[in-house]
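Heads up: the structure comes next, in structure tokens.
Protein chains: 2
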Amino acid sequence: MPELRKDPIIGRWVIIATERARRPDQFSDTTRKEPPSDKKCPFDEGNEAATPKEIYAIRPRGTAPNTPGWELRVIPSMTPFLRIEGDLERRGQGLYDVMNGIGAHEIVIETNQHIANMCDLSEDQIAKVVTCYINRILDLEKDLRFKYCLVFKNHGWSAGGGKVKHSRSQLIATPVNPKRVKEELVGARHYYEYHERCIFCDLIRQEIAQKERVIMEIDGFIAIVPFASRFPFEVWILPKKHSCDFVNLPEGQRKDLATIMKQVLLKLKIGLNDPPYNYIIHTAPFRRQKIGYWKTVADDYHWHIEITPRLTRVAGFEWGTGFYICPTTPEAAAKFLREVNITQP
Amino acid sequence: MPELRKDPIIGRWVIIATERARRPDQFSDTTRKEPPSDKKCPFDEGNEAATPKEIYAIRPRGTAPNTPGWELRVIPSMTPFLRIEGDLERRGQGLYDVMNGIGAHEIVIETNQHIANMCDLSEDQIAKVVTCYINRILDLEKDLRFKYCLVFKNHGWSAGGGKVKHSRSQLIATPVNPKRVKEELVGARHYYEYHERCIFCDLIRQEIAQKERVIMEIDGFIAIVPFASRFPFEVWILPKKHSCDFVNLPEGQRKDLATIMKQVLLKLKIGLNDPPYNYIIHTAPFRRQKIGYWKTVADDYHWHIEITPRLTRVAGFEWGTGFYICPTTPEAAAKFLREVNITQP
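If you're matching them up, the sequences are chains A and B in order. The first sequence runs 1 to 345 under my numbering. The second sequence runs 1001 to 1345 under my numbering.
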């Protein structure tokens, strides 16, 4: 059983992933070079038997689960960080806090084609991925042991992606609120308490007025390079209209989100030579209205997507201090991405 | 002039390093492969002209600065993140906060020999490095613009090290307290307020009693794998006697610190096949006694060194959430490192 352990000083939870445990000699060189890709892709259509049984799929009425014909599949992770079965059993161990590593870890196979980068999917297909995220989050929220659902993507080896080059993303439902999520909620709440306005709404207004960090703007969404970017060419996609929760995205706007995601990811691919990247959906925690502490989260938080290309090595300085060094100004990065031509011949 | 920008939501400062600015095409592949090493090392004895002029050196009386004969040299960084000249000029820009990127960035050349890994220096030489850190911090503290001095090392390419394989470390004096430092101080203070005891002292007592996460213990110092390790084989070295500030380390104990540092780094090199690693000295901020908020820092904080080998890739999940996954239990890591035999034939 994996364990969740809390750092007693910082208050950060860490997953001690015993199921993925590795011996010291199994660590050699994983950070340094990319291993060769396997020949047979378990995520291609026709190879359903190579994966665990599907949890969710978009497939034509009448086709059986785990058979060809699907457009998108969700499966449990083959190497889960957390286990779905069991009790949380939060307990002390001297001055330390531990709990069982209960949670869900799912893989969203975004296409039945062997396509590596999400930006090469059609907008319609990306909209299906968005809908799938929403449906899976809504389902996981029903499990009262879970407090948060993280949706993220690791594209490319240096971004933590696997050997198989098939576009996919991951969902992890956790029994604790991740530290970074809490900080964001607390920071946004402080601002709201003082100004009675959402900090993200104010930030969007200022970015639209100043223009220089805007990459693109469409109906309903804006893509910017954040003012205090940690990484070169970091991009945030935000809904222009206030909304704290990603799952409330109306069906009519999912295609718009797909449009801006595809265009931003294409700009990164074309402009920066197909870099490794991560994205994470930042959204409100589960059942927030019932928790007194977060009572204003509907007004003071604003969901968004943070996309971070992995172009620089991150050194000790950054890891140990949370104090990042970004070698490209956000304004120059935004100008560059604005000008990348994505019209394909 | 580099700029310091504050993330308005999280409150994290970021250095926008215009002096190191890179164009998009200069990012290709830096995370992926290590470039070949240059032939001539600017840090070897005899190549003093290849570096900026020394700020500090340990050299025999009578030898001139920037000439051979030295045992250790400190020079300004050749590619500084921050600039020493100028005013801080903290200012708002709409809802954002900016200040000039004032600070110091120095390189400690730890040896006149072309030795890559600090663990291959003699204990005496490492003790000189420790003394040098203390003297440089004391000097930088006199500059009232600075709030903190970070001392850290990047060893190996994936840990952010440079092309030149010559053992060195870095000092960065910053005009703001880094976020992670603040969190540690606040966390330790909360514990102190409740218990009236230092959390690190309690942690050391518990680790000594439980034994399973202890790597080694010598007079004055202990090396443990922390209970909630973020990374496999993460190691903390702590002074056993309470002390909030690294610069107060008595001269008589510097050799002991050098002993435990050398042994721990040797264990990592031998046991884990010379992995890339970082270490950071966590110590109290400058002039703490004058700041009301940190008034108890002398009793409630405890300096220590955090060493993190870079054996795993860190993925989107970790970056975006501060929620780490460690694939080796701290107990197994400590047992392994305890048993690595470092007696050299």
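Each residue gets a CB set at the ideal place from its N, CA and C atoms; glycine is no exception. Being a predicted model, the structure only gives us computed values, none of them experimental.
Is residue i buried or exposed, if buried means 16 or more other CB atoms sit within 10 Å of its CB?
{"i": "Glu183 (chain A)", "result": "buried"}
{"i": "Ala159 (chain A)", "result": "buried"}
{"i": "Thr1328 (chain B)", "result": "buried"}
{"i": "Ala49 (chain A)", "result": "exposed"}
{"i": "Val129 (chain A)", "result": "buried"}
{"i": "His114 (chain A)", "result": "exposed"}
{"i": "Gly1322 (chain B)", "result": "buried"}
{"i": "Lys290 (chain A)", "result": "Unreliable positioning characterises Lys290 (chain A) in this predicted model, as indicated by a pLDDT of 47, which lies under 50. The coordinate reading is nonetheless provided below. By the neighbour-count rule (16 or more Cβ atoms within 10 Å), Lys290 (chain A) is not buried but exposed."}
{"i": "Pro250 (chain A)", "result": "exposed"}
{"i": "Ala332 (chain A)", "result": "buried"}
{"i": "Gly1086 (chain B)", "result": "exposed"}
{"i": "Arg310 (chain A)", "result": "buried"}
{"i": "Ser1122 (chain B)", "result": "exposed"}
{"i": "Thr1283 (chain B)", "result": "buried"}
Over what stretch of residues does the alpha helix (DSSP H) that includes residue i continue unbroken?
{"i": "Pro330 (chain A)", "result": "330–339"}
{"i": "Lys362 (chain A)", "result": "Nothing about residue 362 (chain A) can be read from this structure; chain A reaches only from 1 to 345."}
{"i": "Lys1182 (chain B)", "result": "1179–1195"}
{"i": "Asp1202 (chain B)", "result": "1199–1210"}
Compare the C-beta of residue i against all C-beta atoms of chain B and say whether one is closer than 8 Å.
{"i": "Gly103 (chain A)", "result": "no"}
{"i": "Val129 (chain A)", "result": "no"}
{"i": "Thr329 (chain A)", "result": "yes"}
{"i": "Phe246 (chain A)", "result": "no"}
{"i": "Leu203 (chain A)", "result": "yes"}
{"i": "Ile15 (chain A)", "result": "yes"}
{"i": "Thr174 (chain A)", "result": "yes"}
To the nearest angstrom, how far is the alpha carbon of residue i from that of residue j?
{"i": "Thr1018 (chain B)", "j": "Leu257 (chain A)", "result": "33 Å"}
{"i": "Arg1197 (chain B)", "j": "Arg90 (chain A)", "result": "24 Å"}
{"i": "Cys1119 (chain B)", "j": "Ile1126 (chain B)", "result": "9 Å"}
{"i": "Ala116 (chain A)", "j": "Pro275 (chain A)", "result": "12 Å"}
{"i": "Asn66 (chain A)", "j": "Ile305 (chain A)", "result": "31 Å"}
{"i": "Ile1016 (chain B)", "j": "Phe227 (chain A)", "result": "10 Å"}
{"i": "Ala1209 (chain B)", "j": "Cys1041 (chain B)", "result": "47 Å"}
{"i": "Asn154 (chain A)", "j": "Tyr277 (chain A)", "result": "6 Å"}
{"i": "Gln93 (chain A)", "j": "Ser1169 (chain B)", "result": "37 Å"}
{"i": "His1195 (chain B)", "j": "Asp300 (chain A)", "result": "35 Å"}
{"i": "Pro239 (chain A)", "j": "Thr1131 (chain B)", "result": "53 Å"}
{"i": "Glu1071 (chain B)", "j": "Arg1145 (chain B)", "result": "31 Å"}
{"i": "Lys269 (chain A)", "j": "Thr111 (chain A)", "result": "19 Å"}
{"i": "Ile1222 (chain B)", "j": "Ile1204 (chain B)", "result": "8 Å"}
{"i": "Arg59 (chain A)", "j": "Gly69 (chain A)", "result": "6 Å"}
{"i": "Pro36 (chain A)", "j": "Tyr133 (chain A)", "result": "30 Å"}
{"i": "Arg313 (chain A)", "j": "Phe1152 (chain B)", "result": "16 Å"}
{"i": "Glu318 (chain A)", "j": "Gly1252 (chain B)", "result": "32 Å"}
{"i": "Gly1011 (chain B)", "j": "Arg189 (chain A)", "result": "13 Å"}
{"i": "Lys241 (chain A)", "j": "His302 (chain A)", "result": "9 Å"}
{"i": "Val1225 (chain B)", "j": "Leu1150 (chain B)", "result": "22 Å"}
{"i": "Ile1102 (chain B)", "j": "Asn1135 (chain B)", "result": "21 Å"}
{"i": "Lys1267 (chain B)", "j": "Val1181 (chain B)", "result": "28 Å"}
{"i": "Val340 (chain A)", "j": "Lys211 (chain A)", "result": "17 Å"}
{"i": "Arg83 (chain A)", "j": "Glu141 (chain A)", "result": "16 Å"}
{"i": "Cys1244 (chain B)", "j": "Phe1200 (chain B)", "result": "10 Å"}
Taking residue i and residue j to be in contact with their CB atoms under 8 Å, please state how far apart those CB atoms are, rounded to whole angstroms.
{"i": "Glu106 (chain A)", "j": "Val74 (chain A)", "result": "5 Å"}
{"i": "Gly1004 (chain B)", "j": "Val1176 (chain B)", "result": "Note that residue 1004 (chain B) corresponds to Leu in the displayed sequence, not to Gly. Sure, about 7 Å apart at Cβ, within 8 Å."}
For the beta strand (DSSP E) containing residue i, name the first residue and the last one.
{"i": "Arg5 (chain A)", "result": "3–6"}
{"i": "Leu1140 (chain B)", "result": "Premise fails: Leu1140 (chain B) lies in the alpha helix (DSSP H), 1123–1141, not in any beta strand (DSSP E)."}
{"i": "Leu311 (chain A)", "result": "Unbroken run through Leu311 (chain A): none, as it is neither H nor E."}
{"i": "Gly1092 (chain B)", "result": "1091–1093"}
{"i": "Ala1173 (chain B)", "result": "1168–1174"}
Closest Cβ-Cβ distance between residue i and chain A: below 8 Å?
{"i": "Ala1116 (chain B)", "result": "no"}
{"i": "Lys1220 (chain B)", "result": "It is worth fixing the name first, because residue 1220 (chain B) is Gly in this sequence and not Lys. So, not an interface residue."}
{"i": "Cys1326 (chain B)", "result": "yes"}
{"i": "Gly1092 (chain B)", "result": "no"}
{"i": "Lys1147 (chain B)", "result": "no"}
{"i": "Tyr1192 (chain B)", "result": "no"}
{"i": "Tyr1096 (chain B)", "result": "yes"}
{"i": "Trp1070 (chain B)", "result": "no"}
{"i": "Ile1134 (chain B)", "result": "no"}
{"i": "Lys1267 (chain B)", "result": "no"}
{"i": "Gly1322 (chain B)", "result": "yes"}
{"i": "Glu1184 (chain B)", "result": "yes"}
{"i": "Gln1206 (chain B)", "result": "yes"}
{"i": "Ser1243 (chain B)", "result": "no"}
{"i": "Val1181 (chain B)", "result": "yes"}
Just to confirm, does residue i get its C-beta within under 7 Å of one of the non-hydrogen atoms of the ligand HEM?
{"i": "Ala332 (chain A)", "result": "The ligand HEM is not among the ligands present in this structure, which contains no ligands whatsoever."}
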